[in-house]
Structure formats: structure tokens, C-alpha cells
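A.B. asks:
Protein chains: 2
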Amino acid sequence: MKPGNIPVPAVRRLSLYLRQLDNLWRDDQRTISSRQLGDALKLTDAQVRKDLAYFGQFGQPGIGYNVEELIARIRGILGTDRMWNVLLVGAGHLGMALSAHRGFARKGFRVVAVFDDDKAKIGKRVPSLEGVTIQPVEEIARAVREKDIRLAIIAVPGEAAQGVTDRLLAAGVRGLLNFAPVSLDVDTAVAVSSVDLAVQLEQLSFQVGAAASLEDVKK
Amino acid sequence: MKPGNIPVPAVRRLSLYLRQLDNLWRDDQRTISSRQLGDALKLTDAQVRKDLAYFGQFGQPGIGYNVEELIARIRGILGTDRMWNVLLVGAGHLGMALSAHRGFARKGFRVVAVFDDDKAKIGKRVPSLEGVTIQPVEEIARAVREKDIRLAIIAVPGEAAQGVTDRLLAAGVRGLLNFAPVSLDVDTAVAVSSVDLAVQLEQLSFQVGAAASLEDVKK
DNA sequence: TAGTGTGAATGGATTCACAGCC
DNA sequence: GGCTGTGAATCCATTCACACTA
Chain C
1 MKPGNIPVPA VRRLSLYLRQ LDNLWRDDQR TISSRQLGDA LKLTDAQVRK
51 DLAYFGQFGQ PGIGYNVEEL IARIRGILGT DRMWNVLLVG AGHLGMALSA
101 HRGFARKGFR VVAVFDDDKA KIGKRVPSLE GVTIQPVEEI ARAVREKDIR
151 LAIIAVPGEA AQGVTDRLLA AGVRGLLNFA PVSLDVDTAV AVSSVDLAVQ
201 LEQLSFQVGA AASLEDVKK
Chain A
220 MKPGNIPVPA VRRLSLYLRQ LDNLWRDDQR TISSRQLGDA LKLTDAQVRK
270 DLAYFGQFGQ PGIGYNVEEL IARIRGILGT DRMWNVLLVG AGHLGMALSA
320 HRGFARKGFR VVAVFDDDKA KIGKRVPSLE GVTIQPVEEI ARAVREKDIR
370 LAIIAVPGEA AQGVTDRLLA AGVRGLLNFA PVSLDVDTAV AVSSVDLAVQ
420 LEQLSFQVGA AASLEDVKK
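As given, the protein sequences belong to chains C and A, one line each in that order.
Take the first sequence: its letter number 65 is residue 65 in our numbering, and every next letter is one higher.
Basically our numbering = 1-based index in the second sequence + 219.
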């Protein structure tokens, strides 16, 4: 099937398939069926097959999918078959944790520059990143240009997030991973992915609370 | 409308409405229409009205919604109108950043216990949390019992995540916020929310890459 | 006039079910 | 017999459009 109408949720699941396949590969599994893959992720086998079919014909009837090949294919689709230089704005606790995050490096994302507007932090080394020092946000445009940076991580307080965003867009960044608890106003050509940590807990609070309420009703 | 068929996406948006309303309140706005709220979050006005209508009739025709009241109502629905004691497993970079996260406290989530299986860390103070020291994971069940903990944050490496999960479930935890890059196997009665940081960047990589491919096609 | 709440219509995503292949 | 790829059927969320209210 040719592109043109790939459901967004399918792309999200693609990342999960890849993650699961990486784990299977490490456990020496060389082949897998849509059913097995679906079971592990709590999806139906049809869902898995349809998702993969949006991008091509990767499986073999009677056999399943070749794990190694499927990993390579999905990486190619997601664009993680190459390195991505990423910059980080915000050198607080969260920013520093992200700069040290092994998971990024494993997938080919390299944090190559870190920015903050706190004078006291500027010039300091980032412990987890060889040769990276904290720079003032005014230097963002230069870094984007010189280091071919397309993605940025925003780990600043909510009040500062839109200003940082404007600066990043002006510098030509193409995708934003936003941890600030605000809805960013961006040009439609830019990709934004937001993670609000408190919202995640809030959703759990709802689910746990709602379950409790249902039990109350039963009584 | 009575509960029974509330779309999951509607509940997710509820958190975003609340966040936006908090910001509006701080900016002294006392009333808001579904259109204004939708514009800020890039949703249609109909979407906003329908979402809110799942939970009750909060608006006034001709006027809109009272910001203060709506905040209170949504808090009540999400269950964040009270404090939640939360525990954290994993005292690495990410775990420590989460323990210091102001956003949790602001929403009423209090990290009251921290666990790790690294002998070198046990007994150490958690700098950002008054009176909290790192305990061995064996103490989880006791803490859950003594401190009425219902939610847990998992910030351990992938290999350790399922083991920690089993322990948390055995201790009676009701909701998990998982940062480990694995799909957890849990009882259906337990709520799980997963955040895979690398997956977020991967999705951006796809979007940025796909946009580039489309341009290539045009040429 | 401005704006909500909601049944009906639409549009998408998921699941079904089966032809075809190993 | 086991498993993929895919049209068709189903299910669910979003949008439309309008009666109704302040």
C-alpha cells in the first residue's frame, strides 16, 4: 500500500513494535508472527498486520516476520537509521536527566548542545556529555546552523517555553519535544510532541478514582 | 449525560483543559467560551463542548464557562481535588529529576518514598524531598501500607521494570507511571501510563523525515 | 446576540473474515 | 496448518447543525 492515508496511531505503534522487536532480537528470537507481537503489546494480530502493511509487505505467509529485517525496515520508516543531532534548552533537573538519558543515544539521538538563560549556569560543563558546555539561548541559531540540528528538547518552566519556542523556530528547528506544561503556538510545518509529566499522573488519578467510583456504585 | 461511554481521548483532553484554565485564571480571565478554549488548544469548539458535556452541564448559554468553577469541576472529575501519595522506584538521574519536579506537587502529587536496589544509594537522603531517604525495594510493601500509596512511578532500567512492577502490584499499588522502555505485563485492574522518552523523539524523527520525503516527491 | 448542549451525520480507525502463500 | 495481506463490515470519535437559553 502506498502512503497518503496512514493513521497517526499506526505510526505511534510502529515505535512500540520496534522496541519490542529489539527486545526479541536480544533474546535470540529471529522470527515472529503478528499474533505474538500483538499479544506482547496487547493489540490484535489484525492490528499489527494492518499497521505494517501501511508501509510495505514485510512478512512471509506461513512464517511471520523476520525480526532483523523488520527492525531495519521500521528504523528506515521512522528515520532512526541515522544519527540525529538534538539540542536541549533548559539545564534544570529534568534537562540534566535528559542529557544523560541512555535511551536517546541508543536510538541514535545525540544531544550536541545545551542552553539555559541562567547566568550562573552558562559556561559550565554538562557532566554527561563529553565536550558540551551550557550556552546562553542567544547562541541557539548559531548552533543549529553549525551542527545541523533539526530537533530540540524544551525543558524550561512554562513561562519561558513560548519564548524559547519562537527562538527555536526562527533558528530553523523542525521538531520540538516539549516538557513544559503549556500548549505551544507553532507554525504548522513544525512537528511538536508534548510530554506533561503531571498530566500523566492526573490520568492515572482519574483511572484509579473512576474504578473506585464504579465499585461504590455496585454496593 | 451519564457515564458509561466516555471516550478515552476526551479524558486526556480534560487534563489539557484544566491546564489551560489554570493559566487563564492566573491571567485574571473569569469566563471562557468553548471556542476560545478550543483555539488555544487547536481543537474545535464542538469538541470542547462535547468533552465537557460527558461529565455534566457546566456552561451557561450566551456566556460560556465560569473559569473558577470549571477548574473545580475538572479537578473533581480527575480526582486531583485531593492529595495523592506517590512512590518512586529508581533513584537514577531521571528518578531524581522526577522527585524534584515542581509540576507534581502543584497538582497535589507528593512523592513520599523512594526506592532503589543499588546498595550504594540506600540510606541516602533525597535532596529535593524533606525527610525522604532511599530505601531498598524490599520495603515497598510496607511503605504502601503505612503511607496509603496508590500510585507509583517506575524510573528503572528496562531489565528491572517487570520485576519492580510485580512487586508494586503485590503491594497493592493501583496505578503505574512507567518510564522504562518496555511493555509491562499487568493485571487489568491496574492503570498504566507509559512514557518512553526515546519514542517521543522517534515520532518527531518520522514527522520531520516524512515531511522531507514529501518535498522530495514534489521536485 | 453570543454561546451551550446534543441528536444526527460524517469520517477514521479497528476488527472481521477470507483468499492466497509457505 | 500456520500465517500474511487486504477488502468489507463494524465500531467509535469528531464534526455538524440547530433548538434552546442568558
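By construction, the Cβ of each residue, glycine as well, lies at the ideal position given by its N, Cα and C atoms.
#1: Using alpha carbons as the reference points, say which of C:S33, C:R12, C:R82, C:G209 lies closest to G64 (chain C).
#2: According to DSSP, simplified to helix, strand and coil, what is D404 (chain A)?
#3: Show which residues of chain A have a CB atom less than 8 Å away from the CB atom of M96 (chain C).
#4: Please tell me whether G172 (chain C) has its Cβ less than 8 Å away from any Cβ of chain A.
#5: Against chain C, with Cβ distances strictly below 8 Å, would F323 (chain A) count as a contact?
#6: Output needed for V409 (chain A): all residues of its chain with C-beta closer than 8 Å, excluding positions within five of it in sequence on either side, in chain order.
#7: Helix, strand or coil, according to DSSP, for I296 (chain A) in the structure here?
#8: For a test of the three-state rule: what should DSSP assign to S205 (chain C), helix, strand or coil?
#9: Within 8 Å of any Cβ in chain C, is that where the Cβ of A362 (chain A) sits?
#10: If we define contact as Cβ-Cβ less than 8 Å, is G428 (chain A) a contact residue for chain C?
#11: Note down, in chain order, each residue of its chain lying with its Cβ closer than 6 Å to the Cβ of V331 (chain A), except the 5 sequence neighbours on either side.
#12: Determine, for S84 (chain C), whether the minimum Cβ-Cβ distance to residues of chain A falls below 8 Å.
#13: Is the separation between the beta-carbon of V383 (chain A) and that of I353 (chain A) shorter than 8 Å?
#14: With 7 Å as the limit, tell me which residues of the stretch 135-161 of chain C have their beta carbon closer than that to any beta carbon of chain A; keep them in chain order.
#15: Start and end of the beta strand (DSSP E) containing P9 (chain C)?
#16: Quick one, which of A:A371, A:A324, A:V351 has its alpha-carbon nearest A360 (chain A)'s?
#17: Closest by CA to L129 (chain C), which one among C:A100, C:G123, C:I77?
#18: Hey, Q57 (chain C) and L37 (chain C): beta-carbon distance below 8 Å or not?
#19: Please report the distance separating the alpha-carbon of G428 (chain A) from that of I225 (chain A).
#20: Pick from C:A40, C:D27, C:D51, C:Q29: whose alpha carbon is nearest that of D404 (chain A)?
#21: Looking at R245 (chain A): is its Cβ nearer than 8 Å to the Cβ of V286 (chain A)?
#22: Say whether chain A places a C-beta atom closer than 8 Å to the C-beta of G175 (chain C).
#23: Contact criterion: CB-CB distance below 8 Å. Does E421 (chain A) meet it with respect to chain C?
#24: State yes or no: is the beta carbon of V9 (chain C) nearer than 8 Å to at least one beta carbon in chain A?
#25: So which residues on chain A does K107 (chain C) lean against when the C-beta distance must stay under 8 Å?
#26: According to DSSP, which residues form a beta bridge with P61 (chain C)?
#27: If you drop the 5 nearest sequence neighbours on each side, which residues of the same chain put their C-beta closer than 7 Å to that of S150 (chain C)?
#28: Taking CB distances under 8 Å as the criterion, tell me whether F55 (chain C) reaches chain A.
#29: With a threshold of 16 other CB atoms inside 10 Å of the CB of V8 (chain C), please say whether the residue is buried or exposed.
#30: Kindly identify the DSSP beta-bridge partner or partners of R110 (chain C).
#31: Bridge partners for N178 (chain C) per DSSP, in chain order?
#32: Looking at K107 (chain C) and E421 (chain A), is the spacing between their C-beta atoms short of 8 Å?
#33: Classify R73 (chain C): buried if its beta carbon has 16 or more other beta carbons within 10 angstroms, exposed otherwise.
#34: Return the residues of the stretch 283-302 of chain A that lie within a Cβ-Cβ distance of less than 8 Å from chain C, sorted by chain order.
#35: Looking at the secondary structure, which residues open and close the beta strand (DSSP E) in which I353 (chain A) lies?
C.D. replies: If we stick to the structure as given:
#1: The residue given as residue 64 (chain C) occupies position 64 in the first sequence. Among C:S33, C:R12, C:R82, C:G209, the Cα nearest to that of G64 (chain C) is on C:S33.
#2: Indexing the second sequence from 1 puts residue 404 (chain A) at position 185. Here D404 (chain A) sits in coil by DSSP.
#3: To locate residue 96 (chain C), count along the first sequence from 1; it is residue 96. Chain A residues near M96 (chain C): H312, A316.
#4: For the purposes of this step, residue 172 (chain C) is taken as residue 172 along the first sequence, with counting starting at 1. No - not a single Cβ of chain A is within 8 Å of the one on G172 (chain C).
#5: Position 104 of the second sequence, counting from 1, holds the residue named residue 323 (chain A). Yes, F323 (chain A) lies at the interface with chain C (some Cβ there is under 8 Å from its Cβ).
#6: Reading the second sequence from its first residue, position 190 is the one you call residue 409 (chain A). Excluding residues within five positions, the ones whose Cβ falls inside 8 Å are L388, V392, R393, G394, L395.
#7: Working through the second sequence from its first residue, we reach residue 296 (chain A) at position 77. Here I296 (chain A) sits in helix by DSSP.
#8: Counting from 1 along the first sequence, the entry for residue 205 (chain C) is found at position 205. Of the three classes helix, strand and coil, the one that applies to S205 (chain C) here is helix, per DSSP.
#9: For this step, residue 362 (chain A) is matched to residue 143 along the second sequence. No, A362 (chain A) lies away from the interface with chain C (no Cβ there is under 8 Å from its Cβ).
#10: In the second sequence, counting from the first residue as 1, residue 428 (chain A) sits at position 209. Cβ-Cβ to chain C under 8 Å: yes for G428 (chain A).
#11: Locating residue 331 (chain A) in the second sequence gives position 112, counting from the first residue. N304, K366.
#12: Looking up residue 84 (chain C) in the first sequence gives position 84. It should be pointed out that residue 84 (chain C) corresponds to Trp in this sequence rather than to Ser. Yes, W84 (chain C) lies at the interface with chain A (some Cβ there is under 8 Å from its Cβ).
#13: Looking up residue 383 (chain A) in the second sequence gives position 164. Looking up residue 353 (chain A) in the second sequence gives position 134. Contact: no.
#14: R150, L151
#15: Here the question's residue 9 (chain C) lines up with position 9 in the first sequence. Note, P9 (chain C): premise wrong, no beta strand (DSSP E); alpha helix (DSSP H) at 8-26.
#16: For this step, residue 360 (chain A) is matched to residue 141 along the second sequence. It is A:A371.
#17: As a working mapping, residue 129 (chain C) is identified with position 129 in the first sequence. Answer by Cα proximity: C:A100.
#18: On the first sequence, position 57 is the one that residue 57 (chain C) refers to. On the first sequence, position 37 is the one that residue 37 (chain C) refers to. Against a cut-off of 8 Å, the Cβ pair of L37 (chain C) and Q57 (chain C) comes out as no contact.
#19: If you number the second sequence from 1, residue 428 (chain A) lands on position 209. If you number the second sequence from 1, residue 225 (chain A) lands on position 6. Straight-line Cα distance between these residues: approximately 35 Å.
#20: Locating residue 404 (chain A) in the second sequence gives position 185, counting from the first residue. The shortest Cα separation from D404 (chain A) among C:A40, C:D27, C:D51, C:Q29 belongs to C:A40.
#21: Counted from its first residue, the second sequence places residue 245 (chain A) at position 26. Counted from its first residue, the second sequence places residue 286 (chain A) at position 67. Contact: no.
#22: Within the first sequence, residue 175 (chain C) is the residue found at index 175, counting from 1. At least one chain A Cβ lies under 8 Å of G175 (chain C).
#23: Counting from one through the second sequence, the residue named residue 421 (chain A) turns up at place 202. Taking Cβ atoms only, chain C reaches closer than 8 Å to E421 (chain A), which makes this a yes.
#24: Walking along the first sequence from the start, residue 9 (chain C) turns up at place 9. The displayed chain sequence assigns Pro, not Val, to residue 9 (chain C). No, because no Cβ of chain A sits closer than 8 Å to the Cβ of P9 (chain C).
#25: Counted from its first residue, the first sequence places residue 107 (chain C) at position 107. Per Cβ cutoff of 8 Å: A417, L420, E421.
#26: On the first sequence, residue 61 (chain C) is found 61 positions in, with the first residue counted as 1. Per DSSP, none; premise fails for P61 (chain C).
#27: Here residue 150 (chain C) refers to the residue found at position 150 when the first sequence is read from its first residue. Rather than Ser, the amino acid found at residue 150 (chain C) in this sequence is Arg. W84, V173, R174, G175, listed in sequence order.
#28: The count along the first sequence starts at 1 and reaches residue 55 (chain C) at position 55. No, F55 (chain C) does not count as interfacial toward chain A.
#29: As a position in the first sequence, residue 8 (chain C) is number 8, starting the count at 1. By the neighbour-count rule (16 or more Cβ atoms within 10 Å), V8 (chain C) is not buried but exposed.
#30: Looking up residue 110 (chain C) in the first sequence gives position 110. Looking at the DSSP assignment, R110 (chain C) forms a beta bridge with C:N85.
#31: If you number the first sequence from 1, residue 178 (chain C) lands on position 178. DSSP, once it has assigned bridges, lists C:I154, C:S194 as partnering N178 (chain C).
#32: Stepping through the second sequence from its first residue, residue 421 (chain A) is reached at position 202. Stepping through the first sequence from its first residue, residue 107 (chain C) is reached at position 107. Contact: yes.
#33: For this step, residue 73 (chain C) is matched to residue 73 along the first sequence. That one is buried.
#34: I296, L297, G298, T299
#35: The residue you call residue 353 (chain A) lines up with position 134 of the second sequence. 353-355 is the span of the beta strand (DSSP E), which, as asked, contains I353 (chain A).
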